[in-house]
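Heads up: the structure comes next, in structure tokens.
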Amino acid sequence: MAYLPLLALLALSSLLRSTSPAPAGLQLSLTHVDAGSPFTFTERVRRAAQRSRHRREVLEARLANSSGDIEVPITSSKFEYKLEFAIGSPELKVTAILDTGSELVWTQCRPCDPCVQQSTPVYDPSNSSSFSRLPCTSPLYDYQVFKRFDPPTCHYAYGYGSGATQGVLAMETFTFGTKSVSNITFGCSKQSKGNFAGTSGIVGFGRGNLSLISQLGFGKFSYCLTSFNSSSSSHLRLGSLETLNGTASRVQSTPFLGDTNLYRVSLRGISLGEALLPIPNATFEHRRDELSGTVIDSGTGQTQLPKPVYEIVKQRITSLVGLPVVDLSSTIGLDLCFSVSSWPPPPVPDMTFHFDNADMTIPPANYMYADQNAGSFCLVMQMSESNLTIVGNYQQQNMHVVYDVAGRMLSFIPARCDDF
């Protein structure tokens, strides 16, 4: 998270709070980027593996350079879920990508050159009576997540460098369902590059002051992600509509760490069944001088484990399954797969991530992929060359996950997300 002097930070916070009262709570639908596509389950797993590797590069770059001047191009291949809302007066429906790893809300604006292809009309601020561009003297342009360009060409380049998204800062009315909120600060993007899967931009849900969750004044939000191959939408809840709704009696909660825009947590160990894996305690520690620690991220498809951790998990699963190992990394992007000649494959136990004061139990369906037609059985996790662990959304299927941003706490409970 960017640092500013205290008085400037207080001024920034007041500028970013919407002047119209936000609704008490909101519920929105989340759509997976591959939903409605002709891709098979195997193809979706392969695409998720590719996106996950790219996403890891983005998060590592953000952590390595807190100034925001990061030379990693942004494309849709690094994101997983999108949501719909409307912008302007009169309202224009847009679709944007949910990103818990960033804070700026931005959408493409006319005129833009280049523009990326999107499925809805590009927002034209000249057609909206509620649009208000921020002056170049606004302290928001001094927020360190921006690469600022001085007057008279005053505009920003956010977070990724390489001309990925550049534009001007403005305020506008956003409408979620039937509920409208005025004076939301957003990036009106004049230059965008990449393939955003037909969406118009990104909605940042990180811990910073610019994020939508902060601007709406909601202290918390949650999501419940349906099964990876389900045709049902997932669900996003904000504010008072966020209440834990699960299938287990005990809610698990662990604190957020540090002051970065990402959601860091403390991972202490991993178990398979009742057996705690022999991973040294220091492996998961967050060390400020390197890419380390653990981040929970809805925008990463498949969990990323540091090489020493991945090798221990791989060795244990290989021992449990007891089948011939096959290399399918070139076809589905997964490193550990087994050849299954007689269906079904051998049973494997639950995996448990042991966080500080909380255990996240991951059923086999959330970490193993089975393809009867191909006779393969694969671990849906990836090895990272850095010491950063990223808990991805494949491992969060059918789990109600609550981000208490104000209380600095992550809570979760198993749930039937199709029933939300």
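Going by mature numbering (1 follows the signal peptide of the UniProt record, and there is no 0), the letters in the sequence shown line up with residues -21 to -1, 1 to 399, in that order. Beta carbons are placed, not taken as given, at the ideal position from N, Cα and C, and that holds for glycine.
Secondary structure, alpha helix (DSSP H): runs of 4+ residues fully inside the stretch 160 to 207:
191 to 194
Taking L215 and F235 to be in contact with their CB atoms under 8 Å, please state how far apart those CB atoms are, rounded to whole angstroms.
Their Cβ separation, rounded to whole angstroms, is 19 Å, which puts L215 and F235 out of contact at 8 Å.
According to DSSP, simplified to helix, strand and coil, what is V147?
strand
Inside the stretch 225 to 268 only - beta strand (DSSP E) runs reaching at least 3 residues
As for any beta strand (DSSP E) of minimum length 3 sitting wholly inside the stretch 225 to 268, the runs are 231 to 234 and 246 to 251, ordered along the chain.
Alpha helix (DSSP H) containing S298: first to last residue?
Taken as a continuous stretch (DSSP letters only), the alpha helix (DSSP H) holding S298 covers K286 to V300.
Thinking C-alpha only, which one of I66, R23 and I392 is nearest I341?
I392
Would you grab the beta carbon distance between residue 413 and G218 for me? Rounded to a whole angstrom, and I think it's under 8 Å.
The structure shown does not extend to residue 413, since the chain is modelled only from -21 to 399, so the question has no answer here.
Alpha-carbon spacing of R112 relative to G177, whole angstroms
26 Å
Please name the residue in T154, E22 and I249 whose C-alpha comes closest to that of A65.
T154
Cβ shell of G354 (< 8 Å), same chain only, five flanking positions each side left out:
S318, V319, S320 and W322
Using DSSP bridges, identify the partner residues of M362.
L284
Exposed or buried, K61, counting other C-beta atoms within 10 Å across all chains shown (16 or more means buried)?
Buried.
Alpha-carbon to alpha-carbon, S213 and Y202
Cα to Cα, Y202 sits roughly 7 Å from S213.
With distances taken between CB atoms, is the gap from I369 to R32 smaller than 8 Å?
no
To the nearest whole angstrom, what separates the beta carbons of S232 and A337, a pair I think is in contact under 8 Å?
Contact holds; Cβ gap of about 6 Å.
CA-CA distance, P69 and S108?
8 Å
Should the stretch 72 to 84 be regarded as contacting the stretch 179 to 196, the criterion being three or more beta carbon pairs within less than 8 Å?
yes
Give me the DSSP bridge partner(s) of P393.
M378
What would DSSP say about S213, mapped onto helix, strand or coil?
strand
Sequence-distant residues of its chain with Cβ nearer than 6 Å to M388 (five each side left out):
S232 and P234
M362 and D314 - do their beta-carbons sit closer together than 8 Å?
yes
Backbone CA spacing between V327 and E253 [nearest angstrom]:
12 Å
Identify whether T18 lies in helix, strand or coil by the three-state DSSP scheme.
It is Phe, not Thr, that sits at residue 18 in the sequence shown. DSSP places F18 in coil when its eight states are reduced to three.
Compare the Cα-Cα distances from F334 to each of L241, P324 and N260 and report the closest residue.
N260
By Cβ distance, which residues of its chain are closer than 7 Å to L255, with the 5 residues on each side in sequence left out?
G248
Rounded to whole angstroms, how far is the Cβ of C396 from the Cβ of T205, which I believe are closer than 8 Å?
5 Å
In angstroms with no decimal places, state the Cα-to-Cα distance between L358 and R89.
44 Å
With a cut-off of 8 Å, does the C-beta of Q374 fall near any C-beta of chain C?
As a matter of chain content, chain C is missing from the structure shown, which is built from one protein chain.
State the Cα-Cα distance for the pair I49 and L191, rounded to the nearest angstrom.
The pLDDT assigned to I49 is 36, lower than 50, so where the model puts this residue is not dependable, and the model offers no usable value.
Is the distance from the Cβ of S179 to the Cβ of Q29 below 8 Å?
It is not a contact, given that the beta carbons lie outside the stated cut-off.
Quick one: Cα of L9 to Cα of D350, how far?
26 Å
Taking only the alpha-carbon atoms, compute the straight-line gap between C91 and I181 and give it to the nearest angstrom.
16 Å
Cβ of G280 versus every heavy atom of the ligand MG: is any distance shorter than 7 Å?
The ligand MG is not part of the structure shown, which contains no ligands of any sort.
Own chain partners of T164 with C-beta closer than 8 Å, once the 5 adjacent residues on each side are dropped
L(-7), L(-6), V84, L113, L119, L148, A149, M150, L189 and Q194
D78, enclosing beta strand (DSSP E) - first and last residue
L71 to D78
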